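Using this note's numbering, the letters of the sequence shown map in sequence onto residues 33 to 399.
Positions of the beta carbon are idealized from the N, C-alpha and C atoms, including for glycine.
Quick caveat, the model's predicted, so the values are computed rather than measured.
Take a look at the structure below.
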Amino acid sequence: KKSCYLVLVVVFATSVFMRPYYLSPTSSSSSPKLNMASSPTLQTQQYSNETEMRRSIAPLLYHISPGSTGSRTLYHAACQAGFPSVHHKSFCISSNRGIDGVSENVVEGVRAHFEVLRWYQIADECCSLWSKGKVSSLDVDLNGGEKVDGSEHIQLPCLIPLDQWAQILQQFLKMVVNSGIVGLFDTPYPYLAPEVLDSADKGRISKPFIAMTERDPKSWAKSRSENHGLMVCREEFSYEKLGSSEFDVLGCIERAYHAATNNATMEVEDNSSSYRKTEAEPLILHFWDVFEHRSHKDPLDPSFQKGMERQMEHHQQFYLPLANYTPDFFGVKNKTNEIETNATTSRISLLPKKSRFDEEDVILDIR
33 KKSCYLVLVV
43 VFATSVFMRP
53 YYLSPTSSSS
63 SPKLNMASSP
73 TLQTQQYSNE
83 TEMRRSIAPL
93 LYHISPGSTG
103 SRTLYHAACQ
113 AGFPSVHHKS
123 FCISSNRGID
133 GVSENVVEGV
143 RAHFEVLRWY
153 QIADECCSLW
163 SKGKVSSLDV
173 DLNGGEKVDG
183 SEHIQLPCLI
193 PLDQWAQILQ
203 QFLKMVVNSG
213 IVGLFDTPYP
223 YLAPEVLDSA
233 DKGRISKPFI
243 AMTERDPKSW
253 AKSRSENHGL
263 MVCREEFSYE
273 KLGSSEFDVL
283 GCIERAYHAA
293 TNNATMEVED
303 NSSSYRKTEA
313 EPLILHFWDV
323 FEHRSHKDPL
333 DPSFQKGMER
343 QMEHHQQFYL
353 PLANYTPDFF
363 GVKNKTNEIE
373 TNATTSRISL
383 LPKKSRFDEE
393 DVILDIR
């Protein structure tokens with residue numbers, strides 16, 4: 033972890049800390065506030081024009097490798113170096129817990145991150161409920177939520193049309209990228225790589241600094257499926273039909289709609305509420321028509337494992353040429369990068385100790 037911190041400091045310092053944007057509160061007129069109480073659709077529509085007009089001055093450190101490739105190690109290093117960062121349900125934006133003294137753009141980014149994560153997890157949970165027979169058109173309440181296990185207190189919008197869900201996810205993703213957040217790590221960002229890079233090109237002044245940690249696809253697929261519940265694209269809609277995987281979430285949806293529009297015999301679940309496009313009715317797909325939930329408790333499926341391997345291999349081959357930083361955590365490379373730790377340590381004191389950021393695993397203080 034210490035060597036990761038040192039390398040991150042060396043390769044990233046010149047672009048990150050030219051100005052302390054992350055500790056410079058801006059006026060409310062400079063950037064719109066997120067109203068988390070409003071509806072997600074209205075909120076994203078209201079915010080979209082403003083985010084497209086505003087380009088973030090913050091650099092972007094983007095770990096493009098999927099989970100189970102050392103993302104938490106890099107996240108810890110980024111926090112130690114003082115980079116405002118997010119990693120799944122964790123974030124670090126201040127040397128003290130809370131948001132006092134932190135730029136509004138950074139706080140907005142963390143809030144938007146948890147909305148991206150929330151909507152991603154809604155899709156996964158709805159797929160899981162569907163596989164257990166707990167979702168049907170009869171479960172919908174007047175607000176479009178799902179009554180889970182007969183309870184009216186826990187509701188999920190499982191019947192939201194998939195194209196609407198994708199739009200919401202993309203708008204919150206733009207908010208993250210156009211914010212003051214520097215480090216993006218772990219799910220779901222590696223699985224939204226095309227959209228993250230496109231949004232960064234439009235929403236950041238500087239190009240993203242891409243980190244990739246290669247891992248043998250076979251060992252990665254085994255570790256990933258044995259230790260994590262996964263929302264995966266169905267094989268028939270996967271990239272080049274290489275196999276089910278978590279990769280290319282929005283590309284999976286696009287291919288599913290394309291297939292459904294052009295193929296009247298598209299296979300969906302027998303009891304699915306989806307139907308194909310007619311002249312009078314639009315095409316509606318739901319989460320379970322395109323994705324499926326796989327539990328880490330499921331028996332190992334050799335066919336599924338092979339598909340995960342192929343998709344991981346493709347992901348690494350495609351994005352490795354774009355990477356600026358490729359630490360060899362898993363011994364993939366024949367040659368390792370030599371770092372003169374002692375000399376570097378003696379020269380670098382990038383931030384005063386009190387300014388380095390503590391990690392926070394709760395979001396109550398930013399809601």
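Q: Could you tell me which residues DSSP pairs with Ala243 in its beta bridges?
A: Within the sequence shown, the letter at position 211 stands for residue 243. DSSP output for Ala243 lists His95, Tyr357 as bridge partner(s).
Q: Over the uninterrupted alpha helix (DSSP H) stretch that includes Phe350, give me the two end residues.
A: Numbered from its first residue, the sequence shown carries residue 350 at position 318. Unbroken alpha helix (DSSP H) run through Phe350: 334-351.
(Q) Which of the three DSSP states is assigned to Cys190 in this structure? (A) Counted from its first residue, the sequence shown places residue 190 at position 158. The answer is coil: DSSP assigns Cys190 none of H, G, I, E or B.
Q) Applying the criterion that 16 or more other CB atoms from any shown protein chain within 10 Å of the CB defines a buried residue, is Lys329 buried or exposed? A) In the sequence shown, residue 329 corresponds to position 297, counting from 1. The residue is exposed, with fewer than 16 neighbouring Cβ atoms inside 10 Å.
Q. Which residue's Cα is closest to the Cα of Val167: Leu191, Arg150, Glu147, Gln153?
A. To locate residue 167, count along the sequence shown from 1; it is residue 135. Out of Leu191, Arg150, Glu147, Gln153, Leu191 has the C-alpha closest to the C-alpha of Val167.
Q | Val322 - DSSP class collapsed to helix/strand/coil | A | Stepping through the sequence shown from its first residue, residue 322 is reached at position 290. Val322 falls in the helix class under three-state DSSP.
Q: Using three-state DSSP, classify Val264 as helix, strand or coil.
A: On the sequence shown, position 232 is the one that residue 264 refers to. Strand at Val264.
Q | Buried/exposed call for Gly235, threshold 16 Cβ in 10 Å | A | Residue mapping note: residue 235 aligns to position 203 of the sequence shown, counting from 1. Gly235 is buried by the Cβ-count criterion.
Q: Determine the DSSP secondary structure at Ile316, reduced to helix, strand or coil.
A: As a position in the sequence shown, residue 316 is number 284, starting the count at 1. Note: Ile316 maps to strand in three-state DSSP.
(Q) Looking only at its chain, what residues have a beta carbon closer than 7 Å to the beta carbon of Glu157, apart from the 5 residues adjacent to it on each side? (A) Here residue 157 refers to the residue found at position 125 when the sequence shown is read from its first residue. So the qualifying residues of the chain are Leu188.
Q: Kindly confirm or deny that the region 221-233 and the region 319-327 touch, where touching means at least three C-beta pairs closer than 8 Å.
A: No: the two stretches stay apart, fewer than three of their Cβ pairs being nearer than 8 Å.
(Q) If I measure Cβ to Cβ from Arg256 and keep anything under 6 Å in the same chain, skipping five residues before and after, which residues do I get? (A) The residue given as residue 256 occupies position 224 in the sequence shown. Counting only Cβ-Cβ distances below 6 Å, and skipping sequence neighbours, we find Ser100.
Q | Cβ pair Tyr107, Phe217 closer than 8 Å | A | To locate residue 107, count along the sequence shown from 1; it is residue 75. To locate residue 217, count along the sequence shown from 1; it is residue 185. Yes, the Cβ-Cβ distance between Tyr107 and Phe217 is below 8 Å.
Q: Please name the residue in Trp252, Arg129, Arg150, Ile125 whose C-alpha comes closest to that of Pro98.
A: Position 66 of the sequence shown, counted from the start, is the residue given in the question as residue 98. Out of Trp252, Arg129, Arg150, Ile125, Trp252 has the C-alpha closest to the C-alpha of Pro98.
Q. Whole-angstrom Cβ separation of Ser88 and Gly212, contact assumed at under 8 Å?
A. Indexing the sequence shown from 1 puts residue 88 at position 56. Indexing the sequence shown from 1 puts residue 212 at position 180. 6 Å between Cβ atoms; contact.
Q: Identify every residue that forms a DSSP beta bridge with Ser122.
A: Here residue 122 corresponds to residue number 90 of the sequence shown, with the count starting at 1. In the DSSP output, where bridge partners are listed per residue, Ser122 has His119.
Q. Using the C-alpha atoms, what's the distance from Gly165 back to Gly275?
A. To locate residue 275, count along the sequence shown from 1; it is residue 243. To locate residue 165, count along the sequence shown from 1; it is residue 133. The straight-line gap from Cα to Cα measures roughly 25 Å.
Q: Pick helix, strand or coil for Leu216, following the three-state DSSP scheme.
A: As a first step, residue 216 must be located in the sequence shown, where it is residue number 184. If DSSP states are grouped into helix, strand and coil, Leu216 belongs with the strands.
Q: Would you give the residue range spanned by the alpha helix (DSSP H) that His290 belongs to?
A: Within the sequence shown, the letter at position 258 stands for residue 290. His290 -> alpha helix (DSSP H) spans 281-294.
Q | From Glu246, Val209, Glu227, Lys365, residue whose alpha carbon lies closest to that of Ser238 | A | Position 206 of the sequence shown, counting from 1, holds the residue named residue 238. When each option's Cα is compared against that of Ser238, the closest is Val209.
**Q.** Secondary structure of Ser255, DSSP reduced to three states
**A.** The sequence position of residue 255 within the sequence shown is 223, counting from 1. If DSSP states are grouped into helix, strand and coil, Ser255 belongs with the helices.
(Q) Considering just the uninterrupted stretch of the alpha helix (DSSP H) at Gly141, what are its terminal residues? (A) As a first step, residue 141 is located in the sequence shown; it is residue number 109 there, counting from the start. Note, Gly141: alpha helix (DSSP H), 136-163.
Q. In the DSSP assignment, what residue or residues form a beta bridge with Ser88?
A. Within the sequence shown, numbered from 1, the residue matching residue 88 stands at position 56. According to DSSP, Ser88 shares a beta bridge with Arg236.
Q. Under the rule that 16 or more other beta-carbon atoms within 10 Å means buried, what is Asn137, buried or exposed?
A. Numbered from 1 along the sequence shown, position 105 holds the residue referred to as residue 137. Buried, by the Cβ-count rule.
Q. Cα-Cα, which of Val118, Ala292, Ser335, Leu224 is closest to Leu315?
A. Numbered from its first residue, the sequence shown carries residue 315 at position 283. Measuring from the Cα of Leu315, the nearest candidate turns out to be Ala292.
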